[in-house]
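Everything on this sheet refers to the single structure shown next.
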Amino acid sequence: MHILLRRMVLLLAVCAIAMSAHTASAEGEDDTPPPPKASTAAKKPSSKEQGLASWYRSKRALVAAHRTLPVGTKVKVTTPKGTSVVVTIAGRGPFIPGRVIDLSSDAFKRLATLGTGVLRVTIQRL
2 MHILLRRMVL LLAVCAIAMS AHTASAEGED DTPPPPKAST AAKKPSSKEQ GLASWYRSKR
62 ALVAAHRTLP VGTKVKVTTP KGTSVVVTIA GRGPFIPGRV IDLSSDAFKR LATLGTGVLR
122 VTIQRL
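Here the numbering used here = 1-based position in the sequence shown + 1.
Following this line, the structure appears as structure tokens:
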């Protein structure tokens with residue numbers, strides 16, 4: 002009986018120590034301030050993409066279609082010769098491998114003749 006009582010006291014002591022250690026660590030976590038959030042006011046860096054541009058007929062002047070850029074994004078499209086045009090992303094496409102942007106016919110004509118069909122370009126998000 003004496004051994005049983007000694008084991009019970011030892012078990013209670015271990016439980017009490019374990020509970021106090023857990024409570025202390027939980028209290029320490031609450032006192033730690035959260036990490037600072039990144040500033041949303043900072044402007045995202047412009048990114049560049051290279052590939053082929055094709056054209057499509059559009060009643061809207063200087064617009065384009067891109068697979069991932071948000072609608073309304075403005076991009077500068079530049080040829081290897083340095084000719085460029087600024088367009089607004091208005092839709093999704095192109096869905097042909099190797100092509101990175103579909104330009105409206107008006108935008109494409111500022112870079113090359115429509116008979117060119119496709120044109121190597123660099124796209125820079127503004």
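Cβ atoms here follow ideal geometry from the backbone N, Cα and C, with glycine treated the same way.
{"Check": "Going straight from the alpha carbon of residue 68 to that of residue 62, what length do you get?", "Outcome": "20 Å"}
{"Check": "What residue from 66, 70, 6 has the CA that sits closest to residue 92's CA?", "Outcome": "66"}
{"Check": "For residue 54, which residues does DSSP report across the bridge?", "Outcome": "102, 120"}
{"Check": "Just the C-alpha distance for residue 121 and residue 79, rounded to the nearest angstrom, thanks.", "Outcome": "9 Å"}
{"Check": "Which residues in the same chain have their Cβ closer than 8 Å to the Cβ of residue 115, if we skip the five residues on either side of it in sequence?", "Outcome": "56, 106, 109"}
{"Check": "Hey, residue 59 and residue 126: beta-carbon distance below 7 Å or not?", "Outcome": "no"}
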